[in-house]
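Residues in the sequence shown are numbered consecutively from 6, following my numbering. Even glycine gets a Cβ: it sits at the ideal position worked out from N, Cα and C. Since the model is a prediction, treat every value here as computed from it, not as a measurement. The structure under discussion appears below in the form of structure tokens.
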Amino acid sequence: MLLVAEKLCKDFEGLRAVHNIDLQVEAGETVAIVGPNGSGKTTFFDLISGCKPVTSGRIFLNNHEITNLKAYDRSVRGIARISQNIRLSADLTAEDNIIIGRACRISSNMPDGLLYRQRLYQEQRLNASKVRELLAVVGLSACRDRTVKSLAYGAQRRLEIARALACDPQMLLLDEPAAGMNLQELDELMRVLDEIKKWGLTVLLIAQQMRLVMGIASRIVVFQQGEKIADILPQEMYFSKITKNSLEKQAEFNK
């Protein structure tokens, strides 16, 4: 099992945002987390990625406990996350943003003369190759030298995925990656995610768009009021009364 969350809880000034959530994710799965606003989805991602400490509970990655590790240490161990808001460097190029994402995989940090220079040169060549590969995957090869602020919204979201992939993660956390997208942008995002699935990468996805959820998820987890209320296959989605009620609440929030 790649990821195991045991009885995760998170309190904010006496209010419980996440309550006793258990979740197991196998390598290669694409798990969608759905539910109304305020149901604890993003807070759960905060706990998994290390952005916020747990109040109680434990988290394991590859059978190693990571509950008390900082976000950077979890990134090095293979967890990459994309937040709801775009966090690219707007004045830098698409290429430079991906190189920034590669930083956690650069090992040449100790100057040791000729050996250091040789290692750094090898890594620079590897980075250049990786940048070209990732830009192609997200459909942005022609935008390599363009600044982020000159790219359309959908292209910026796909570039964020490329930057997250640059650190060779085992697990990718996507928090509302399709928020604000039109149908064309959503189709392009789904193409990118389908390609990523072929790599065997594990994906946890928070999404409101059921077209996206049903199109790429191998499993769907439903949150409501900070609790996990369902863990089902996509084909079971519309036959579950609990899930239907939660989706109706989600739709009300999204109006």
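- The Cβ atoms of residue 34 and residue 224 lie closer than 8 Å to each other.
- The Cβ atoms of residue 7 and residue 66 sit closer than 8 Å to each other.
- The Cβ atoms of residue 86 and residue 54 lie closer than 8 Å to each other.
- For residue 86, DSSP records a beta bridge to 178.
- In the three-state DSSP reduction, residue 148 falls in the helix class (H, G or I).
- Per DSSP, reduced to three states, the secondary structure at residue 237 is strand.
- DSSP places residue 105 in the helix class (H, G or I) of the three-state scheme.
- At least 8 Å separates the beta-carbon of residue 145 from that of residue 170.
- Annotation for residue 229: the continuous beta strand (DSSP E) segment containing it runs 224 to 229.
- For residue 28, the closest of 63, 17, 161 by C-alpha to C-alpha distance is 63.
- Between the alpha carbons of residue 233 and residue 97 lies a gap of roughly 40 Å.
- Taking 8 Å as the cut-off, the beta carbon of residue 103 is found no closer than this to the beta carbon of residue 22.
- Non-local beta-carbon contacts of residue 239 in its own chain, meaning distances under 7 Å to residues more than five positions away in sequence, involve 219, 222, 225 in chain order.
- In this structure, residue 161 lies near residue 93, with their beta-carbon atoms less than 8 Å apart.
- A straight-line Cα-Cα distance of about 4 Å links residue 83 and residue 174.
- Selection 208, 41, 176, 213 evaluated against residue 81 yields 176 as nearest (Cα-Cα).
- In chain order, 87, 210 place their CB closer than 6 Å to the CB of residue 179, counting only its own chain and leaving out the 5 sequence neighbours on each side.
- The continuous beta strand (DSSP E) containing residue 28 extends over residues 20 to 30.
- Listed in chain order, the non-local C-beta contacts of residue 193 below 8 Å within the same chain comprise 144, 159, 163, local neighbours out to five positions each way being set aside.
- Under DSSP, the beta-bridge partners assigned to residue 15 are 23.
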